[in-house]
Amino acid sequence: MPNDLNILIARCRTEGLRRTKALEELLATLLEGDRPMTITELADSPRLTNQCDKATIFRLLQRLADKGILRRLGLHERAAYFALLIPGQHRDYLICTECGSIEPINAPCPVHELEKEIQFTTGYQNLYHELEFFGTCPACTTT
């Protein structure tokens, strides 16, 4: 994780973001969590609870999303989840339309080859995609 954290901090600097303790702790929390997290989960995490308030965390998340360092997931009427975008690591997600739970899809992404073909034929650089499936999770289906 220290190497991933250093890579993320370097990306932030490249994108013009100032290196602060709050930024470092936010990135470390998202890396350690290894899953998308809500702003409430982030604010309540041991690394951030005494470091900064929710408003600061929200501003940092917005800046990171604007710079393409993380992505916002979830249904618009529910709490947003935030997940890091780490080069070379890609995850797609299942999102429950009832409870809002989010889990990674543990299967090869069928869009990667199409993405490569599109990049080759169009000349676009830094091409990426976001794939989210929506449905009702097993826990909500049984209730």
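Note that my numbering has the sequence shown beginning at -4, numbered continuously upward. Glycine included, every Cβ here is placed at the ideal spot set by N, Cα and C.
Item to check | Cβ-Cβ distance between L79 and L25 below 9 Å | outcome: As a position in the sequence shown, residue 79 is number 84, starting the count at 1. As a position in the sequence shown, residue 25 is number 30, starting the count at 1. Closer than 9 Å, so yes.
Next on the checklist: One question on the structure: do Y88 and L126 come within less than 9 Å of each other, judged by their Cβ atoms?
Outcome noted: Along the sequence shown, one-based indexing puts residue 88 at 93. Along the sequence shown, one-based indexing puts residue 126 at 131. Their beta carbons are under 9 Å apart, which means Y88 touches L126 by this criterion.
Item to check | Reduced DSSP category for E10 - H, G, I as helix; E, B as strand; rest coil | outcome: Numbered from 1 along the sequence shown, position 15 holds the residue referred to as residue 10. Looking at E10 - three-state DSSP - the assignment turns out to be coil, as it is neither helix nor strand.
Item to check | G63 versus T136: straight-line alpha-carbon distance, rounded | outcome: Residue numbering aside, residue 63 sits at position 68 when the sequence shown is read from its first letter. Residue numbering aside, residue 136 sits at position 141 when the sequence shown is read from its first letter. Distance between the alpha carbons of G63 and T136: 35 Å.
Item to check | DSSP bridge partner residues for L79 (one or two, in chain order) | outcome: As a working note, residue 79 is residue 84 in the sequence shown. According to DSSP, which records beta bridges pairwise, L79 is partnered with L65.
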